[in-house]
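Participant: Have a look at this one.
Protein chains: 2
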Amino acid sequence: MSEDQKWLTVDEQRAWRALMAVVVLLPGALDTQLQHDSHLSNFEYGVLAMLSEAPDRTLRMSQLATLNDSSLSRLSHVARRLEERGSIVRQQCADDRRANIATLTDAGMTLVREAAPGHVARVRELIFDQLSGDQVSELEQIADAIRSNLDPEKRMPTYVN
Amino acid sequence: MSEDQKWLTVDEQRAWRALMAVVVLLPGALDTQLQHDSHLSNFEYGVLAMLSEAPDRTLRMSQLATLNDSSLSRLSHVARRLEERGSIVRQQCADDRRANIATLTDAGMTLVREAAPGHVARVRELIFDQLSGDQVSELEQIADAIRSNLDPEKRMPTYVN
DNA sequence: CCGAGTAACTTGACGCTTCAACTAAGTCCG
DNA sequence: CGGACTTAGTTGAAGCGTCAAGTTACTCGG
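Residue numbers (my numbering), protein chains in the order written: chain A, -18 to 142; chain B, -18 to 142.
Below is the structure:
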């Protein structure tokens, strides 16, 4: 905490503020769309989407947590709610009886399938309609550079669409 | 929700996932640093930082809310907690007695001043150490393009450092 | 100048996230 | 084997954000 520390340049400040605006506003915008159209939070959508792509629509709780950058506790609470709504079921794993595996139900699968198009449309509208092709690849490089520091193991493939 | 909708291209998907990783992980990383070093959330830091730069260290609640992209309700709750901790005080505005003005106390000012260097250092480490000068200006342009859709009035200068 | 409408907050309840236990099961090794 | 340690997950309490409702004050047309 020395006084002679390196401050941000003017350019960096502008970039920083613009990035923070996106980071703060984007999740809310996505949540609003998903909540309105499918009664799902962004996080719940992510959970269901990951399951929908997994073999047998099934994943261990711990894998599912890692994939969504979630604590096990958070996932556990959300999974209980999703189970109550009939979107997933959980059962003890036969191999390792500490483990619990979550499976997407048919109703859950239907839910994700119906939610996906609207979600993707919103993503396109918010992000890609604003960007040139060059900017899209620049964005990928920049975001990946930042991400490399935040998530060194790249454990987070994040919700696929 | 038609079936023949426009999906994302492979390039767009990669950019999208990288961006989402940043959007999900960055707030947590910043919160961790601030919480650890100054017992502040990112949002609280933003509130105090905005006040620290305002004339007389004073702003109306509604302005403060807008500047931090917050609902008045959220700000009101946070302001109560900050007031309890002695970082700010609130008092009725003389001109318009519906309004409430928040003022940063000396203790609050000290708190922000002490928190800022560590926060900026973490931002530099997470973001700018990873990027070339060209990438910084590209980032600004891209983030601004996305932001233009999320926050058309650009009401959000976001936490200055 | 007075009543309807609106603006600026605050408050309380509810839902979600986090954190700190806690349970139960697997693993390691002496 | 058996005790110590680790791993997987759940649970309950506490904290924060959101939403709807309430309060007080300003404003503006008649």
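Ideal placement from N, C-alpha and C gives every residue a C-beta, glycine not left out.
As the structure is a prediction and not an experimental result, all values here were calculated from the model.
If you pair each beta-carbon of the region 91 to 105 of chain B with each one of the region 4 to 15 of chain B, do three or more pairs fall below 8 Å?
Facilitator: At 8 Å Cβ cutoff, the stretches touch.
Participant: Please list, in chain order, the chain A residues whose beta carbon lies closer than 8 Å to that of Arg55(B).
Facilitator: Against the second sequence, residue 55(B) aligns to sequence position 74. The premise fails here: Arg55(B) is roughly 12 Å from chain A at the closest Cβ pair, so nothing lies under 8 Å.
Participant: Is the Cβ-Cβ distance between Glu59(B) and Glu34(B) less than 9 Å?
Facilitator: Here residue 59(B) corresponds to residue number 78 of the second sequence, with the count starting at 1. Here residue 34(B) corresponds to residue number 53 of the second sequence, with the count starting at 1. Per the sequence presented here, residue 59(B) reads as Val, with Glu not at that position. Going by C-beta atoms, Val59(B) is not nearer than 9 Å to Glu34(B).
Participant: Whose CA, out of Met42(B), Glu65(B) and Ser68(B), lies closest to the CA of Leu56(B)?
Facilitator: Position 75 of the second sequence, counting from 1, holds the residue named residue 56(B). Answer by Cα proximity: Met42(B).
Participant: Taking C-beta pairs closer than 7 Å, name the residues in chain A that Arg103(B) reaches, listed in chain order.
Facilitator: Here residue 103(B) corresponds to residue number 122 of the second sequence, with the count starting at 1. Neighbours of Arg103(B) on chain A: none; closest Cβ ~10 Å, over 7 Å.
Participant: Spatial neighbours of Ala88(B) within its chain, please: C-beta separation below 7 Å, excluding the five flanking residues on both sides.
Facilitator: Position 107 of the second sequence, counted from the first residue, corresponds to residue 88(B). Closer than 7 Å at the Cβ level, and outside the excluded window around Ala88(B), lie Gly67 and Ser68.
Participant: Can you pull the chain B residues whose beta carbon is under 7 Å from the beta carbon of Leu112(A), in chain order?
Facilitator: Here residue 112(A) refers to the residue found at position 131 of the first sequence. By Cβ distance, chain B contributes Ile123 and Ala126.
Participant: So the beta strand (DSSP E) Arg71(B) belongs to, where does it begin and stop?
Facilitator: To locate residue 71(B), count along the second sequence from 1; it is residue 90. From DSSP, the beta strand (DSSP E) with Arg71(B) extends over Ile69 to Gln73.
Participant: Taking Cβ-Cβ distances below 8 Å as the criterion, which residues of the region -12 to 6 of chain B are in contact with chain A?
Facilitator: Per Cβ criterion, the list reads Trp(-12), Leu(-11), Asp(-8), Glu(-7), Gln(-6), Arg(-5), Ala(-4), Trp(-3), Arg(-2), Ala(-1), Leu0, Met1, Ala2, Val3, Val4, Val5 and Leu6.
Participant: So for Asn49(A), helix, strand or coil by DSSP?
Facilitator: For the purposes of this step, residue 49(A) is taken as the residue at position 68 of the first sequence. The answer is coil: DSSP assigns Asn49(A) none of H, G, I, E or B.
Participant: Taking 9 Å as the threshold (beta carbon to beta carbon), is Asp12(A) in contact with chain B?
Facilitator: Working through the first sequence from its first residue, we reach residue 12(A) at position 31. No, Asp12(A) does not count as interfacial toward chain B.
Participant: Find out if the Cβ-Cβ distance for the pair Asp77(A), Val5(B) is shorter than 9 Å.
Facilitator: Along the first sequence, one-based indexing puts residue 77(A) at 96. Along the second sequence, one-based indexing puts residue 5(B) at 24. The answer is no: Cβ separation not under 9 Å.
Participant: Here's a check: name, in chain order, each residue in its chain whose Cβ is nearer than 7 Å to the Cβ of Ala126(B), leaving out the five neighbours to either side.
Facilitator: The sequence position of residue 126(B) within the second sequence is 145, counting from 1. Nothing meets the Cβ criterion.
Participant: Does any residue of chain B bring its CB to less than 9 Å from the CB of Pro36(A)?
Facilitator: The residue you call residue 36(A) lines up with position 55 of the first sequence. No, no contact with chain B.
Participant: Please report the straight-line C-alpha distance between Asp(-8)(B) and Ala10(A), rounded to a whole angstrom.
Facilitator: The residue you call residue -8(B) lines up with position 11 of the second sequence. The residue you call residue 10(A) lines up with position 29 of the first sequence. When rounded, the distance between both Cα atoms is 22 Å.
Participant: Would you please verify whether the beta carbon of Ser33(A) is less than 9 Å from any beta carbon of chain B?
Facilitator: The count along the first sequence starts at 1 and reaches residue 33(A) at position 52. For Ser33(A), the answer is no, since every Cβ of chain B falls outside 9 Å of its Cβ.
Participant: Check whether the Cβ atoms of Leu40(B) and Ile82(B) sit closer than 9 Å, and answer yes or no.
Facilitator: What you label residue 40(B) is simply residue 59 of the second sequence in a count that begins at 1. What you label residue 82(B) is simply residue 101 of the second sequence in a count that begins at 1. Yes. Within cutoff.
Participant: Have a look at Thr47(A) and Met1(B) and give me their C-alpha separation to the nearest angstrom.
Facilitator: By one-based count along the first sequence, residue 47(A) stands at place 66. By one-based count along the second sequence, residue 1(B) stands at place 20. When rounded, the distance between both Cα atoms is 15 Å.
Participant: Would you kindly work out how many angstroms separate the C-alpha atoms of Ile108(B) and Leu107(A), rounded to a whole number?
Facilitator: As a first step, residue 108(B) must be located in the second sequence, where it is residue number 127. As a first step, residue 107(A) must be located in the first sequence, where it is residue number 126. Rounded to whole angstroms, Ile108(B) to Leu107(A) spans 23 Å at the Cα level.
Participant: Mapping the DSSP letters down to three states, classify Pro39(B) as helix, strand or coil.
Facilitator: For this step, residue 39(B) is matched to residue 58 along the second sequence. Before going further, note that residue 39(B) is Thr rather than Pro in the sequence given. Strand, per DSSP.
Participant: Looking at the C-beta of Asn130(B), does it have a partner C-beta in chain A at a distance below 9 Å?
Facilitator: As a first step, residue 130(B) is located in the second sequence; it is residue number 149 there, counting from the start. Answer yes: the Cβ-Cβ gap between Asn130(B) and chain A drops below 9 Å somewhere.
Participant: Between Glu95(B) and the rest of its own chain, which residues show a CB-CB distance below 7 Å, the 5 nearest in sequence each way excluded?
Facilitator: The sequence position of residue 95(B) within the second sequence is 114, counting from 1. Closer than 7 Å at the Cβ level, and outside the excluded window around Glu95(B), lie Ser19.
Participant: Do the CB positions of Val3(B) and Ala(-4)(A) come within less than 9 Å of each other?
Facilitator: Position 22 of the second sequence, counting from 1, holds the residue named residue 3(B). Position 15 of the first sequence, counting from 1, holds the residue named residue -4(A). It is not a contact, given that the beta carbons lie outside the stated cut-off.
Participant: Hey, would you say Leu120(A) sits closer than 9 Å to Leu112(A), going by beta carbons?
Facilitator: Sequence index remark: in the first sequence, residue 120(A) carries index 139 (1-based). Sequence index remark: in the first sequence, residue 112(A) carries index 131 (1-based). Yes. Within cutoff.
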